[in-house]
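There are 2 protein chains.
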Amino acid sequence: MQMTEAKRGRATPEMEAVARDEGKSAELIIRALAAGRLIIPRNVKREGVEVRGIGEGLRTKVNANVGTSPDYANIDEEVEKAKIAVKYGADSVMDLSVGGDIDEVRRRILRAVKVPIGTVPIYQAGIEAAERGSVVDMSSDDIFNAIRRHAEDGVDFVTVHCGVTRAAVDALRRSGRLLDVVSRGGSFLAAWIIHNGRENPLYSEFDYLLELAREFDLTLSLGDGMRPGCLTDASDVAQFQELLTLGELVERAWAKDVQVMVEGPGHLPLDHIEANVRLEKTICKGAPFYVLGPIVTDIAPGYDHVTSGIGGALSAAFGADFLCVVTPSEHLALPTVDDVKEGVIAARIAAHAADIVKLSEKAFERDSEMAKARASLNWEKQFKLAIDPEKARRLHERSPSKEESCSMCGKYCPIKLLAKFMKKPEPRRTRCW
Amino acid sequence: MQMTEAKRGRATPEMEAVARDEGKSAELIIRALAAGRLIIPRNVKREGVEVRGIGEGLRTKVNANVGTSPDYANIDEEVEKAKIAVKYGADSVMDLSVGGDIDEVRRRILRAVKVPIGTVPIYQAGIEAAERGSVVDMSSDDIFNAIRRHAEDGVDFVTVHCGVTRAAVDALRRSGRLLDVVSRGGSFLAAWIIHNGRENPLYSEFDYLLELAREFDLTLSLGDGMRPGCLTDASDVAQFQELLTLGELVERAWAKDVQVMVEGPGHLPLDHIEANVRLEKTICKGAPFYVLGPIVTDIAPGYDHVTSGIGGALSAAFGADFLCVVTPSEHLALPTVDDVKEGVIAARIAAHAADIVKLSEKAFERDSEMAKARASLNWEKQFKLAIDPEKARRLHERSPSKEESCSMCGKYCPIKLLAKFMKKPEPRRTRCW
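Those protein sequences? They're chains Y and Z, same order as listed.
In terms of my numbering, the first sequence is residues 1 to 433.
In terms of my numbering, the second sequence is residues 1001 to 1433.
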């Protein structure tokens, strides 16, 4: 197990790969992983995975969600979404399938891409129970068996909504939300708790979950079933009751050398983001923070890649480690392949904008190269450095200029004009601020 | 003149219209306008303009740029861009034409939309000089005559790069930028200063500019010719040398009852934004701040509506008053009509996300209405409340669900599921944070 080795001061091949990838020393990776502030999700059963480190001191990572729905279950399309997500820079893919042959989608995606793969096994447990009667009929065994099934297939991390407890449901009732629960897994478990009058098995049998995770070195992503689904509900008692529970579980996981990250909102006003990141980092003792957006206004369906780009950039700049892609179809429909691409790019922009703050010069070289390519009107180099070279080229070539400049200014290009009159000193090489 | 009346404690019809539009008292508008912290751009010659207030205590406003280029000058298309910009929520339009019949484009746009219109007359002065020889041959008279011509046509505000002084050019030389000047007007004037060895007439003859502005109650937008064009150049000596000059000019304008706002960057790392807003507000004594982006990474050509959405939201949350739209074509080509639409929507999202912070409940009602519409799965209401109803509907209907929910979760919609099990208290009516 990664954490066991890290605690013994030993670098695994995965830690060495992350150290190389991030330009950090193996010692630094070992120390942060041992302390739980950095994770490397990798199921021992999964072959050929290109590992990623997520957490303190590393580049902000991006996860893309794919997966079928009961209304539309086309496995090829979900595989295509996973591939395009990775092509445009997703560091991991989560398969959230809830329609068709769920086992088959997961297995196809695990074979199709090499990045770490996550799933939410409670969906399958709930759906199989629903097919027999109702979601609330699922048993504790159904839940753990689904997790085992996913782990056996090689899934690297799973979302487990362990914090959706009776206490959290009580807090939810008191909170008077506009939108009670917008998390699918959270709603399954909240309904289950209310219907059965019992505690969430993922909480009451958390030790068993840890045993299961240890078998595969399965990373647990502690789900935020109580995340706010609109700005009005942001940062309320239900959300923080759950977070307090997750903080407790983080320490229990670490005691068993199980890697964990913590999921966060959701929908937040801009000025709630810093507090949410700081509280996760204090209550969960520095465990990596995986944010689902956050979306900073509710009124832009069709553009939630933009609303979450704003929230994601700010979250990551304040210390969030992992951004979940939100596509333009969020709140409206199952995303298309193009939607996934749009969402990944917006999240990559957010992550990179934050890394410029977090990592300074390191994250910054490509921006300076772009500036130099712009100064010399070197278009091929600009396309090459662009986050989406094809689109940059297409837009540039769509309205060609008669000049070497672009068609916005044409012969009145400020760069060309001033170069004629300005004698320049050597450009500075480093960021001075 | 608006400012003269405000200083006398009198509300003009324009101030009353802004007070109604913003839900503020006329007294508050009078006070802020008299102090220069709020402007209402409106040329006395312009008929039928739907005025907008820009500044302290008001909703963040959005400006969309349109205009021809030497490579492509289709007047109908620019008029169409202005119309679509206003349709999607632009509060003003700037005509930045530098190709074809510049006078005709401006006059057509002034007739086509009712929002305040801005221009950059130095473009026309420079281009007419270039047609006779070179941009640097333009005379002081050429510059002021162009401004007068635009004002006579009814333009409500003009960008004047008064801060591109010899001192700023000296600072530019010392700064060793990767990209010296990316402002078109700034490059015209910097080249002019270097070539002619004389001071910028917009600075040396600023009193004459104020006389001209007084004739039309023309609002001056003090341009940032030295704005950084890449992250490496952000917040450098050239940028702040110019800002110091603008601070001086703001007070001189106010002394003559001329309304002013101050333009700002440009390209900034996320963690420079707060400092840039605070400094503008202190150095320019609370004059409205009009930011051009800012863009938070240089590597995303094709997606600069997203990079500037991030920077714009943050700027406005810290106090910027006016956001300039950046389209996906920025850095690549003259934007299309669709690009302008995309850019306006991203800027509107940024402005709204910031207004939730700035104005609290007031800016927030529509978000809560959206949350309620989501809770009741009322799709028609969701479309109606959306920033782009057509796109929201199109995406939703593209992959229809068999259920009343959307095709993402279908029959496993968390909202539907939990509603069956949860007995709710009355939802709270106000934002509690």
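Beta carbons: idealized from backbone N, C-alpha and C, even for Gly.
{"Asked": "Is the distance from the Cβ of S92/Y to the Cβ of P121/Y below 7 Å?", "Found": "no"}
{"Asked": "Does chain Y have any CB closer than 7 Å to the CB of M1370/Z?", "Found": "yes"}
{"Asked": "I'd like the list of long-range same chain contacts for C1413/Z, defined as Cβ closer than 7 Å, with 5 residues on each side in sequence excluded.", "Found": "E1403 and S1405"}
{"Asked": "For V296/Y, go through chain C and note every residue whose CB falls closer than 7 Å to its CB, in chain order.", "Found": "Any reference to chain C falls outside this structure, whose protein chains are Y and Z."}
{"Asked": "Can you give me, in chain order, the residues of the segment 1012-1045 of chain Z that have a beta carbon less than 8 Å from any beta carbon in chain Y?", "Found": "none"}
{"Asked": "Give the residues from the segment 383-407 of chain Y that approach chain Z closer than 7 Å (Cβ to any Cβ), ordered along the chain.", "Found": "L385, A386, I387, D388, K391, A392, L395, H396, R398, S399, S401, K402, C406 and S407"}
{"Asked": "So, with DSSP's three-state summary, where would you put G1055/Z?", "Found": "strand"}
{"Asked": "From what residue to what residue does the alpha helix (DSSP H) around D1355/Z run?", "Found": "V1337 to L1359"}
{"Asked": "Might you give, ordered along the chain, the residues of its own chain that have their beta carbon closer than 6 Å to the beta carbon of G1247/Z, omitting 5 neighbours on each side?", "Found": "I1283 and C1284"}
{"Asked": "Taking only runs of the alpha helix (DSSP H) that begin and end inside the segment 1111-1150 of chain Z, which ones reach a length of at least 4 residues, in chain order?", "Found": "1121-1132"}
{"Asked": "For A35/Y and K358/Y, what's the separation of their Cα atoms in angstroms?", "Found": "20 Å"}
{"Asked": "In angstroms with no decimal places, state the Cα-to-Cα distance between M408/Y and F421/Y.", "Found": "21 Å"}
{"Asked": "Taking only beta carbons into account, state which residues of the segment 147-167 of chain Y come closer than 9 Å to chain Z, listed in chain order.", "Found": "none"}
{"Asked": "Who are the neighbours of S187/Y on chain Z, taking C-beta pairs under 7 Å?", "Found": "P1414, L1417 and L1418"}
{"Asked": "E1369/Z: which of P70/Y, K381/Y, G163/Y and D298/Y sits nearest, CA to CA?", "Found": "D298/Y"}
{"Asked": "Under the assumption that P67/Y contacts A32/Y (Cβ atoms under 8 Å), give the Cβ distance between them as a whole number of angstroms.", "Found": "Pro is not the amino acid found at residue 67/Y; the sequence shown has Gly there. Contact flag wrong, Cβ pair sits at about 31 Å."}
{"Asked": "Is DSSP giving L1292/Z helix, strand or coil here?", "Found": "coil"}
{"Asked": "As a quick exercise: from R174/Y, H352/Y and R366/Y, pick the residue whose alpha carbon is nearest that of T60/Y.", "Found": "H352/Y"}
{"Asked": "Could you please give me the residues that DSSP links to K1061/Z through a beta bridge?", "Found": "F1322/Z"}
{"Asked": "Should G133/Y be labelled buried (16 or more other beta-carbon atoms within 10 Å of its own) or exposed?", "Found": "exposed"}
{"Asked": "Leaving aside the five residues before and after P400/Y along the sequence, list all residues of the same chain whose C-beta is less than 7 Å from its C-beta, in chain order.", "Found": "S407"}
{"Asked": "One question on the structure: do I54/Y and P288/Y come within less than 7 Å of each other, judged by their Cβ atoms?", "Found": "yes"}
{"Asked": "At which residue ranges does the segment 1005-1056 of chain Z contain complete alpha helix (DSSP H) runs of 4 or more residues, listed in the order of the chain?", "Found": "1013-1022 and 1026-1034"}
{"Asked": "So, do the segment 236-246 of chain Y and the segment 217-228 of chain Y have three or more beta carbon pairs nearer to each other than 8 Å?", "Found": "yes"}
{"Asked": "Classify E330/Y as buried or exposed, calling it buried when 16 or more other Cβ atoms lie within 10 Å of its own Cβ.", "Found": "buried"}
{"Asked": "Cutting at 6 Å between CB atoms, please list the residues of its own chain near A1006/Z, excluding the five before and the five after it.", "Found": "I1030, L1033 and A1034"}
{"Asked": "Relative to the alpha-carbon of A1313/Z, which residue among I295/Y, E16/Y and V98/Y has its alpha-carbon at the smallest distance?", "Found": "I295/Y"}
{"Asked": "Would you tell me roughly how many angstroms separate the C-alpha atoms of A17/Y and L377/Y, rounded to the nearest one?", "Found": "37 Å"}
{"Asked": "So what does DSSP say about V1277/Z, is it helix, strand or coil?", "Found": "helix"}
{"Asked": "Taking A1064/Z as the reference, give the member of E1077/Z, G1264/Z, L1096/Z and P1070/Z with the closest Cα.", "Found": "L1096/Z"}
{"Asked": "Is there a Cβ of chain Z sitting closer than 7 Å to that of K114/Y, yes or no?", "Found": "no"}
{"Asked": "Does Y1072/Z come within less than 7 Å of chain Y when only Cβ atoms are used?", "Found": "yes"}
{"Asked": "Show which residues of chain Z have a CB atom less than 7 Å away from the CB atom of F421/Y.", "Found": "A1191, I1194 and H1195"}
{"Asked": "Run through the DSSP bridge pairs and tell me what Y72/Y is partnered with.", "Found": "S69/Y"}
{"Asked": "Just to confirm the assignment, what range does the beta strand (DSSP E) spanning G264/Y have?", "Found": "V260 to G264"}
{"Asked": "Using a C-beta to C-beta distance shorter than 9 Å, which residues of chain Z count as neighbours of S139/Y?", "Found": "Neighbours of S139/Y on chain Z: none; closest Cβ ~18 Å, over 9 Å."}
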